[in-house]
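Structure, as structure tokens:
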Amino acid sequence: MHQQLHPYFLLFSTLIFILIKIPRLFCQDVEQFRKCGEPILCGDIEINYPLWGGGRPEYCGHPSFEIKCESNIPNIAIESTAYKVIAIHTPTRILTLARDDLLSNICLDNPENASLDLNIFSYVSTDQNITLHYGCTLVSGQQLLNDPKVFSCSSNIFGIYTMIGVLFDFSRVRCKTEIIARINQTSAVALASATATVEVLRTAISGGFSVKWTANIDSLCEQCDRSGGRCGSNPDSAAFACHCATGTHAFNCTDSQNQDGESGKNNQTPLAIGLSVGGAVLAGIGIGWLIFFCRQKRKRIAAQASPVQTQKKDLPVLSSSNGLTTSSPNSSTTFTRSIPSYPSSTSEADYGRGSSYFGAHVFSFAELEEATDNFDQSKELGDGGFGVVYYGKLRDGRVVAVKRLYENNFKRVEQFMNEVEILTKLRHQHLVTLYGCTSKRSRDLLLVYEYISNGTVADHLHGNRAKSGLLSWPVRMNIAIETADALAYLHSSVIIHRDVKTNNILLDNDFHVKVADFGLSRLFPNNVTHVSTAPQGTPGYVDPEYYQCYQLTEKSDVYSFGVVLIELISSLEAVDTNRHRQDINLANMAVNKIQTHSVHELVDPSLGFTTNSSVRRMTTLVAELAFRCLQQERDMRPSMQEVLATLRGIQDGESNAHKAEVLDIVVDDVGLLKGSGSPSSPRSSG
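Per the working numbering, the sequence shown runs over residues 779 to 1464.
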């Protein structure tokens, strides 16, 4: 048997280890300060905070901004897609990127759409999307013209690119798949030229596009810089950290918190801290050893006094088959029932910092209470059917919108979880981003979204921002297209929104759309025609067939979007009891106006319907499209993909190609719908 080490020797060894190790840890902090003050060059690109990589340690940047420097060429991976970094402009937080795979070969073997992590990045609005169609072949009997939009990929398979202002007649070809790529505005102008070639397309892709990093760390970094620190992150928690000559702090070099948020004195030296901690640990170990030896001594004395009792104590514990445990060799049997442990309904310990629902970060109630100044009434942004939305600012500097659901009952929890599950699966530039939520066991159910500062479409059409006059017709047309784009994406992801309305369409400062509020949304199973469910939604927007038959389909969203189109044309509310009895419901009013050739009575006079021929033509064509969307029978409505294509065609002045398929109605230059005054529907079903 080995001789047991004397406890005092162990105590002495532990103390020596602590005194050596702790100062070394503080030297590591000083090393972080030194290294994070040295930007790294990759080619002619300077890698500085929040970027890291290429020899610059991770703790000198934001965890999501790793740059890989290979052969002096900087690359970054975003959502599993690799990009070449063309330029970095730190003052404006803009990265110029180009997709690696398209740079290598414009003809992709397995084309896939790229996406951004919209919690961290946003697209720059001046850039433009192009669509690359792959695996294209000629329809039998067709001959492909020498079209600059066509690029060869193999002997009989080719690709086609399209963009705003550059369309293609796809009746002659069939393409297997398509992806969206992004190019800058200068490249878009060159590519829209009638003389553009495939080389212009390659140049456009290699010219890249811009993204702006939106991880709200700038204010923290400025605070750290002013205090003489170096911006970075905590290697353990990935939170922002300020590396200073005296150690690493949470926010700046003069705060009273270290990187773990614990209080500390700034004037303490590493040696003093090391000795203090060492002494505390030494004392703790000493007390522990003392207790241990006292217990061991008592056991030895007890064993000598009563060996029989000790033998009983050492008998094994036997497990029974019914989930109980027994401990007995004789009649004195003890039963211990196995009782499951459930978390407290008021506790959030099991959903602490860093945990998630469906991938969404879980915030504590206290954190969001602090962010909204205890849900101060002055912070209210809006009041909907399910809860109040508050303006808030998180501890990391992010500005957010916090939705507080009215009731914490079973139905609200279901809607809460439904919205979290759906939004965490979606990534689209025109859908609002969910930052996180509280635990479903929280005191209140709270959802945390990106803050969209410019109100809703409803606010600008007939609410408190209506007098601003900022919604010109081109802006409204873009709103219609971007909303349709978002809904088409949802439908392609087998999701029905179920509450499409202008109050749920948010606008950023550039009047780009963010569709919000997915509490009523439904995941739509594959291979089914409809879902039977009790009608829910907002009066004035609910699909009448859904209301009558309790059958929810994608065409229910199409109907609601038809109401939105009429609101964009007329600036009127979907339901207004102050209007004439027959016109209270805007959808009914619009259908009647269109059928009686009175579109001019429907259009908002401020849009210039009577003075601007372009506005007159487009508003009329949008009214036609809305007419299709508002058909009572869902099979007579177009799909959202058709709606999107038609709107883009109207905007581009190419709608004549679609008119024969859109309506069985003839339209004159003024836009009054000629033909039968009786209700009519398009021939083709959506």
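Virtual Cβ for every residue (Gly too), placed ideally from N, Cα, C.
Below 6 Å CB to CB, which residues in the same chain sit around residue i once its five sequence neighbours on both sides are set aside?
{"i": "residue 985", "result": "962, 965"}
{"i": "residue 1215", "result": "1138, 1198, 1225"}
{"i": "residue 944", "result": "970"}
{"i": "residue 1024", "result": "none"}
{"i": "residue 1269", "result": "1332, 1418"}
{"i": "residue 824", "result": "817"}
What is the rounded straight-line gap between the Cα of residue i and the Cα of residue j?
{"i": "residue 1383", "j": "residue 1239", "result": "13 Å"}
{"i": "residue 1293", "j": "residue 1267", "result": "11 Å"}
{"i": "residue 978", "j": "residue 946", "result": "17 Å"}
{"i": "residue 902", "j": "residue 873", "result": "10 Å"}
{"i": "residue 1430", "j": "residue 928", "result": "20 Å"}
{"i": "residue 1262", "j": "residue 1143", "result": "35 Å"}
{"i": "residue 892", "j": "residue 958", "result": "8 Å"}
{"i": "residue 880", "j": "residue 907", "result": "14 Å"}
{"i": "residue 1229", "j": "residue 1279", "result": "19 Å"}
{"i": "residue 876", "j": "residue 859", "result": "10 Å"}
{"i": "residue 1022", "j": "residue 956", "result": "50 Å"}
{"i": "residue 1016", "j": "residue 814", "result": "15 Å"}
{"i": "residue 968", "j": "residue 1289", "result": "26 Å"}
{"i": "residue 942", "j": "residue 974", "result": "15 Å"}
{"i": "residue 1275", "j": "residue 1027", "result": "45 Å"}
{"i": "residue 1007", "j": "residue 1030", "result": "7 Å"}
{"i": "residue 1204", "j": "residue 1282", "result": "17 Å"}
{"i": "residue 1372", "j": "residue 1410", "result": "15 Å"}
{"i": "residue 931", "j": "residue 976", "result": "12 Å"}
{"i": "residue 1284", "j": "residue 936", "result": "39 Å"}
{"i": "residue 856", "j": "residue 841", "result": "12 Å"}
{"i": "residue 830", "j": "residue 839", "result": "5 Å"}
{"i": "residue 1248", "j": "residue 1260", "result": "17 Å"}
{"i": "residue 899", "j": "residue 1154", "result": "30 Å"}
{"i": "residue 1149", "j": "residue 1250", "result": "36 Å"}
{"i": "residue 1272", "j": "residue 1338", "result": "17 Å"}
{"i": "residue 972", "j": "residue 925", "result": "10 Å"}
{"i": "residue 1412", "j": "residue 1194", "result": "29 Å"}
{"i": "residue 1390", "j": "residue 882", "result": "47 Å"}
{"i": "residue 871", "j": "residue 821", "result": "20 Å"}
{"i": "residue 1322", "j": "residue 917", "result": "40 Å"}
Starting from residue i, trace the alpha helix (DSSP H) in both directions and tell me its first and last residue.
{"i": "residue 1270", "result": "1251-1270"}
{"i": "residue 1377", "result": "1377-1380"}
{"i": "residue 1407", "result": "1391-1407"}
{"i": "residue 1337", "result": "1332-1348"}
{"i": "residue 1420", "result": "1418-1429"}
{"i": "residue 1362", "result": "Taken as a continuous stretch (DSSP letters only), residue 1362 belongs to no alpha helix (DSSP H), as it is neither H nor E."}
{"i": "residue 1021", "result": "Looking at the DSSP string, residue 1021 is not in any alpha helix (DSSP H); the run it does join, the beta strand (DSSP E), is 1018-1022."}
{"i": "residue 1235", "result": "1235-1240"}
Tell me, to the nearest whole angstrom, how far the beta carbon of residue i is from that of residue j; I am working on the premise that it is less than 8 Å.
{"i": "residue 1407", "j": "residue 1340", "result": "3 Å"}
{"i": "residue 912", "j": "residue 889", "result": "5 Å"}
{"i": "residue 1258", "j": "residue 1201", "result": "No, residue 1258 and residue 1201 are not in contact; Cβ-Cβ is about 23 Å, not under 8 Å."}
{"i": "residue 1222", "j": "residue 1254", "result": "With a Cβ gap of about 37 Å, residue 1222 and residue 1254 do not count as contacting."}
{"i": "residue 910", "j": "residue 939", "result": "5 Å"}
{"i": "residue 1180", "j": "residue 1167", "result": "7 Å"}
{"i": "residue 981", "j": "residue 951", "result": "Contact doesn't hold; Cβ gap of about 25 Å is too wide."}
{"i": "residue 1287", "j": "residue 1242", "result": "Between residue 1242 and residue 1287 the Cβ distance is about 17 Å, and since that is not below 8 Å, they are no contact."}
{"i": "residue 1165", "j": "residue 1157", "result": "Wrong, their Cβ atoms sit about 14 Å apart, outside the cutoff."}
Give every residue of the same chain whose Cβ lies closer than 7 Å to the Cβ of residue i, excluding the five residues on either side of it in the sequence, and list them in chain order.
{"i": "residue 1018", "result": "995, 998, 1011, 1174"}
{"i": "residue 1387", "result": "1378, 1381, 1393, 1394, 1397"}
{"i": "residue 826", "result": "817, 868"}
{"i": "residue 811", "result": "1008, 1021, 1022, 1023"}
{"i": "residue 905", "result": "960, 961, 962, 963, 987, 988"}
{"i": "residue 1172", "result": "1149, 1178"}
Between which residues of its own chain and residue i is the CB-CB distance below 8 Å, once the five residues before and five after are set aside?
{"i": "residue 1362", "result": "1353, 1354, 1355"}
{"i": "residue 1360", "result": "1366, 1367, 1370"}
{"i": "residue 1364", "result": "1318, 1341, 1344, 1345, 1348, 1350, 1351, 1352, 1353, 1354"}
{"i": "residue 1083", "result": "For residue 1083, the pLDDT reaches just 46, beneath the cut-off of 50, and the residue's location in the model is therefore unreliable, leaving the point undetermined."}
The beta strand (DSSP E) spanning residue i covers which residue range?
{"i": "residue 874", "result": "872-877"}
{"i": "residue 916", "result": "906-916"}
{"i": "residue 989", "result": "987-991"}
{"i": "residue 1227", "result": "1224-1228"}
Uninterrupted alpha helix (DSSP H) stretches inside the stretch 926-972 (no shorter than 4 residues): 963-969
Contained alpha helix (DSSP H) runs [length at least 4] in the stretch 1139-1213, N- to C-terminal order: 1143-1149, 1188-1203
Length-filtered (3 minimum) beta strand (DSSP E) runs lying within the stretch 802-873: 818-820, 823-825, 846-848, 851-856, 859-867
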